[in-house]
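Engineer: For reference, the structure I am asking about is given below.
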Amino acid sequence: MRVAVDLAKASRLLNHGPTVLVVSAHGDQRDVMAAAWNMPLDFAPPKVAVVIDKNTYSRGLIEASGEFVLAVPCAAQADLVVGVGNSSGREIDKFARYGIASTPASRVQAPLIEGCLAWLECRIYPEPHIQQTYDLFLAEVVAAWAEDWAFDGHWRDGLLEAQRALHHLGAGNFFTTSGLIRGG
Ligand SMILES: Cc1cc2nc3c(=O)[nH]c(=O)nc-3n(C[C@H](O)[C@H](O)[C@H](O)COP(=O)(O)O)c2cc1C
């Protein structure tokens, strides 16, 4: 039976891939938030799109610096993802609160968060209209990194549950995926 889906829940029908951590830095400030609404946009140069709500503290750091890192966390980091996605850098230093270890990125000021599967260093294409109207940020990926045990040009199949990326279902619930299907 086909059932109607509440439009408020329509976004949950589209799984755009892994939930990411958006890491930002400007001057001596830094922050990290969760973002499920992200997607690739192009191959060369690689581009991404991500929704960064205007009420977030991250938003100001990203607009001021023009940069961010998208880090792909694994299931072992689910509590961290929910924690940084439900607290604000306006009130707390999330790196201290959640004991987040990080190392410097190569091309942007925002750091790489340890324990993640992959990292995309990004520089935004300033698009004031879509940023203001839709909270949508477009960016070029200027460097990218991944753990070799997780990614070898494709995400590896057969990772342990705790090592897999998180796919947000809404309301703080996630799927992990497995079971490679070879498409020719
Ligand atoms: C699983 C999850 C996914 C989220 N996805 C997004 C998103 O795509 N875009 C967004 O603006 N906020 C998203 N949020 C909410 C932000 O992470 C949240 O507002 C965060 O507290 C902002 O932190 P900040 O004020 O320190 O920047 C998500 C939260 C969770 C828990």
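Numbering (our numbering) for the sequence shown: 9 to 192. We treat Cβ as the ideally placed atom computed from N, Cα and C, and that holds for glycine.
#1: What are the start and end residues of the alpha helix (DSSP H) that includes residue 103?
#2: Hey, would you say the C-beta of residue 96 is under 6 Å away from at least one heavy atom of ligand 3?
#3: Can you name, in chain order, every residue of its own chain whose Cβ lies under 7 Å from the Cβ of residue 121, other than the five neighbours on each side?
#4: Since I believe residue 175 is in contact with residue 27 (beta carbons under 8 Å), could you give me their beta-carbon distance rounded to a whole number of angstroms?
#5: Helix, strand or coil: how does DSSP classify residue 26 here?
#6: Rounded to the nearest angstrom, how far is the Cβ of residue 147 from that of residue 55, given a contact under 8 Å?
#7: Report the option in 116, 153, 169 whose CA atom is closest to the CA atom of residue 72.
#8: Less than 6 Å separating the Cβ of residue 184 from some heavy atom of ligand 1?
#9: According to DSSP, is residue 117 helix, strand or coil?
Structural biologist: Working from what's here:
#1: 102-105
#2: Absence of ligand 3 is noted for the structure shown, with ligand 1 being the only ligands found.
#3: 29, 31, 40, 79, 108, 110
#4: 7 Å
#5: coil
#6: 7 Å
#7: 116
#8: no
#9: coil
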